[in-house]
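Presented below is the structure to which this report refers.
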Amino acid sequence: DRLLEIADRVSGVAYIREPYKPRPLAVTSQGVSLTGASGFHSAGFTGAGIKVAIIDLGFDGLADAQAAGELANVAYTWNYTTGSSGVETTGEIHGTGVAEIVADMAPGASLYLLLIGDEVDLSNAAQYCIDHGIRVINHSVGWYNTDYYDGTGDVAGVANDARDNDILWVNAAGNEGSDGH
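Count along the sequence shown from 1, add 750, and you get the number used in this note's numbering.
Here you go:
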């Protein structure tokens, strides 16, 4: 509510806005057997020694999934919206579902669950991954009306920076094509 006041009072400010906000996208697991991952697991390719970050909007139900043995490989959690390790705070289960899928596909990987609320948090989470040797980032959320989805702009710049630091960045794509978006 003070952005216009700040823009009017600070010299050199040509444009000011609130940070972009993401939306969770659908989680639909095809299962290890349907994707052929079981063959890779049998051959010893389980993701052992690989750090995978799930950068998402909520991990509610995480404790239940861990208690059920679904997510035994969670190495670290951080909530960039509160500056604490508690990621079960938003009422959003999307990140937990994504983490379960990643754990099924790469049962030997160490999972880093990073909760974000805006593009500033996304940038900070990606920098954490760069600084801590995380090799894969899954970010299955949508950033509507932010850029052209052509690899340019603020949000894509975060992914590009991660890629430039040898991180594989994986995003959901096409989840909402049927509704015209």
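Backbone N, C-alpha and C fix where the C-beta goes; we use that ideal spot for every residue, glycine too.
Item checked: V852 - DSSP class collapsed to helix/strand/coil -> helix
Item checked: Distance, I756 Cα to N888 Cα -> 36 Å
Next item on the list: Take G771 and list the residues in its own chain whose beta-carbon comes closer than 6 Å to its own, dropping the five residues that flank it on each side.
Entry: The question names Gly, yet the displayed sequence has Lys at residue 771. Cβ within range, chain order: D868.
Note to self: Am I right that A825 and Q816 are in contact with their C-beta atoms under 8 Å? What's the rounded C-beta distance?
What the structure shows: That pair is no contact at about 12 Å.
Next item on the list: Measure the alpha-carbon distance for G762 versus R913 and round it to whole angstroms.
Entry: Straight-line Cα distance between these residues: approximately 32 Å.
Note to self: Counting beta carbon pairs with one atom in the segment 888–900 and one in the segment 825–841, are three or more of them shorter than 8 Å?
What the structure shows: Segments in contact, no.
Notebook entry, point to check: Would the beta-carbon of Y830 fall within 9 Å of that of L865?
Noted result: yes
Notebook entry, point to check: Count the other CB atoms within 10 Å of the CB of L753; is the residue buried (16 or more) or exposed (fewer)?
Noted result: In summary, L753 is exposed, with fewer than 16 beta-carbon neighbours lying within 10 Å of its beta-carbon over all protein chains present.
Item checked: Contact set for G808: own chain, Cβ-Cβ below 7 Å, skip 5 residues either direction -> In chain order, T840, G841, E842, I843, H844, G845, L865 place their CB closer than 7 Å to the CB of G808, counting only its own chain and leaving out the 5 sequence neighbours on each side.
Item checked: Exposure of S873, with buried meaning 16 or more beta-carbon neighbours within 10 Å -> buried
Check: Short check: CB of D911 to CB of R885, under 9 Å?
Finding: no
Notebook entry, point to check: Is the CB-CB distance between P769 and V870 below 9 Å?
Noted result: yes
Check: Exposed or buried, which one is I766 when buried takes at least 16 other CB atoms within 10 Å?
Finding: exposed
Next item on the list: Output the distance between the C-alpha atoms of C879 and A909, rounded to the nearest integer angstrom.
Entry: 11 Å
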